[in-house]
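When the letters of the sequence shown are read in order and numbered with our numbering, they come out as residues 55 to 390.
The C-beta atom is built at its ideal place from N, Cα and C for all residues, glycine as well.
Please read all numbers here as calculations on a predicted model, not as lab measurements.
Everything below concerns the one structure shown next.
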Amino acid sequence: ATLLDKDLVSNVYHYAILPATDNQLSNSIALNMLYSSEEARYKEIYIFDQNLSSWQNLEGSINTKTRTLTAQTSQASGFIAVFADHLDKSEYLKEKINSESMLILDAKTGEILLERGSEIQRPIASLTKLMTAAVFLDHNPGWNAKISMKAQDDTIPSKIYVKTGDVFTTHDLFYATLIKSANNAAKALARSTGLTHQEFVDKMNQKAKDLGMENTHYVEVTGLSSENVSTAHDLMILSKNLFADMTFLQATTPKYFTIATATGKRISMQNSNKLINLPYTILGSKTGFTYEAGRCLTMKAKNKSGKEVVAITLGADQIGAQWDDMRILLDATLKE
Numbered sequence: 055a056t057l058l059d060k061d062l063v064s065n066v067y068h069y070a071i072l073p074a075t076d077n078q079l080s081n082s083i084a085l086n087m088l089y090s091s092e093e094a095r096y097k098e099i100y101i102f103d104q105n106l107s108s109w110q111n112l113e114g115s116i117n118t119k120t121r122t123l124t125a126q127t128s129q130a131s132g133f134i135a136v137f138a139d140h141l142d143k144s145e146y147l148k149e150k151i152n153s154e155s156m157l158i159l160d161a162k163t164g165e166i167l168l169e170r171g172s173e174i175q176r177p178i179a180s181l182t183k184l185m186t187a188a189v190f191l192d193h194n195p196g197w198n199a200k201i202s203m204k205a206q207d208d209t210i211p212s213k214i215y216v217k218t219g220d221v222f223t224t225h226d227l228f229y230a231t232l233i234k235s236a237n238n239a240a241k242a243l244a245r246s247t248g249l250t251h252q253e254f255v256d257k258m259n260q261k262a263k264d265l266g267m268e269n270t271h272y273v274e275v276t277g278l279s280s281e282n283v284s285t286a287h288d289l290m291i292l293s294k295n296l297f298a299d300m301t302f303l304q305a306t307t308p309k310y311f312t313i314a315t316a317t318g319k320r321i322s323m324q325n326s327n328k329l330i331n332l333p334y335t336i337l338g339s340k341t342g343f344t345y346e347a348g349r350c351l352t353m354k355a356k357n358k359s360g361k362e363v364v365a366i367t368l369g370a371d372q373i374g375a376q377w378d379d380m381r382i383l384l385d386a387t388l389k390e
């Protein structure tokens with residue numbers, strides 16, 4: 055039996071480990087296989103399932119330097135082989151990804167590794183808060199400055215659940231804006247600069263212009279408005295710039311964080327990014343979602359060899375697709 059949409063790029067081998075019960079081992083074993091294809095096509099180890107009379111793929115990792123694939127199985131015996139997709143790797147990945155716009159960049163060389171729809175202008179939801187935080191830093195009244203929450207700050211979730219009159223430091227509001235993606239924290243943070251709302255938004259647009267973000271426009275600081283628009287290309291410029299700053303690394307990557315009011319009331323927050331625990335060093339992160347924008351995500355990550363990438367996904371229309379898409383992009387470029 056063969057796979058109609060795959061090419062065989064290795065020898066077919068048979069292995070057997072005895073003794074075994076019903077062809078199952080008590081512990082998984084690692085299978086390592088060489089492949090012959092040098093093309094940038096997606097490859098996996100497959101094992102032949104005699105019950106189904108078909109080849110089944112085994113999830114694993116690839117080492118392109120040694121042209122070796124590794125996968126785990128608990129099956130005690132079987133025929134194994136490496137198959138490659140007919141499409142090259144970039145086209146294969148594009149077919150698997152739900153997000154309408156995406157861009158992934160080698161952070162050190164500047165090489166674009168994969169992109170689709172990166173110049174399409176679209177709503178960006180809470181990715182807006184990256185620019186809100188950046189403009190705040192340009193006008194920071196001091197990390198210990200105290201800001202009282204006002205009724206005008208209250209908004210729909212995501213938000214921190216506080217009362218009008220609760221007092222926070224700008225430090226805590228900055229972290230709540232980026233980790234929790236709290237809309238009321240973003241409003242209070244902008245207000246802490248002493249600028250009016252319109253003055254602050256004007257600064258956001260001016261900073262975008264200064265950075266060369268030609269297709270970006272902001273009308274408010276949270277991302278709730280669908281009139282806050284950008285492109286994956288422009289957001290790559292912003293993300294690459296901000297995630298090189300230790301302040302943003304520290305304020306976007308903790309899994310948990312606790313802030314406190316001036317009276318000692320503590321509020322615990324969990325990072326809105328579910329991929330913080332990936333087996334890479336996360337150097338920056340921001341999530342976003344509205345119905346108009348879809349599910350959006352930007353991340354910077356590094357593998358053990360020191361390779362760093364920045365990835366943007368915009369407009370995913372399926373629940374959880376932003377996590378799946380980002381994992382696919384990071385694994386494809388960083389997995390060793």
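Chain-order list of residues whose beta-carbon lies under 6 Å from that of residue i (same chain, five-residue window excluded)
i: A407; result: The requested residue 407 does not occur in the structure, where the chain is confined to residues 55 to 390.
i: E346; result: P177 and S280
i: L383; result: I158 and A365
i: L79; result: S128 and A130
Range covered by the beta strand (DSSP E) that runs through residue i
i: T231; result: Element bounds for T231: n/a, residue is neither H nor E.
i: D61; result: K60 to L62
i: N86; result: Q78 to L88
i: I382; result: First-last for I382: A375 to L388, but that is the alpha helix (DSSP H), not the beta strand (DSSP E).
i: T223; result: V221 to T223
i: F314; result: Looking at the sequence shown, residue 314 is not Phe but Ala. That run of the beta strand (DSSP E) goes Y310 to A314.
i: L167; result: I166 to R170
For residue i, the residue or residues it bridges with in DSSP
i: W109; result: F102
i: D256; result: According to DSSP, D256 bridges with nothing at all.
i: N117; result: T122
i: T6; result: Only positions 55 to 390 of the chain appear in the structure, and residue 6 is not among them; the question remains open.
i: E346; result: E346 is not bridged to any residue.
i: V283; result: P177 and H271
i: L72; result: BP columns for L72 are empty, so no partner.
i: V136; result: I99
i: Q129; result: Q78
Simplified DSSP assignment, three categories, for residue i
i: A241; result: The displayed chain sequence assigns Lys, not Ala, to residue 241. Correct three-state label for K241: helix.
i: L332; result: coil
i: E362; result: strand
i: F190; result: helix
i: L249; result: coil
i: T182; result: helix
i: D207; result: helix
i: D264; result: helix
i: K200; result: strand
i: E149; result: helix
i: G318; result: coil
Cβ distance (whole Å) where residue i is taken to contact residue j below 8 Å
i: S235; j: S212; result: 5 Å
i: T341; j: S155; result: Wrong, their Cβ atoms sit about 15 Å apart, outside the cutoff.
i: R349; j: A386; result: Rounded, the Cβ-Cβ distance is 19 Å, inconsistent with contact.
i: M185; j: Y89; result: Not quite, the Cβ-Cβ distance comes to about 44 Å (not below 8 Å), so this is no contact.
i: L227; j: L243; result: 4 Å
i: L296; j: A188; result: 6 Å
i: V358; j: I330; result: Per the sequence shown, the amino acid found at residue 358 is Lys instead of Val. With 8 Å as the limit, K358 and I330 do not qualify as a contact, their Cβ atoms being about 17 Å apart.
i: T276; j: K241; result: 7 Å
i: A125; j: L106; result: At roughly 18 Å, the Cβ-Cβ gap does not stay under 8 Å, so A125 and L106 are not in contact.
Contacting residues, own chain, Cβ-Cβ under 7 Å from residue i (five flanking each side not counted)
i: D208; result: N238
i: L265; result: I291, L292 and N295
i: N259; result: H271 and Y272
i: T218; result: M203, K204 and A205
Other residues of its chain near residue i: CB distance less than 8 Å, five sequence neighbours each side excluded
i: F133; result: V66, Y67, H68, I101 and F102
i: N194; result: T224 and T247
i: T122; result: N86, M87, L88, Y89 and I116
i: V221; result: K200, I201, S202, M203, T315, A316 and T317
Boundaries (first-last residue) of the alpha helix (DSSP H) holding residue i
i: H287; result: A286 to L296
i: T301; result: M300 to T306
i: L157; result: Premise fails: L157 lies in the beta strand (DSSP E), S155 to D160, not in any alpha helix (DSSP H).
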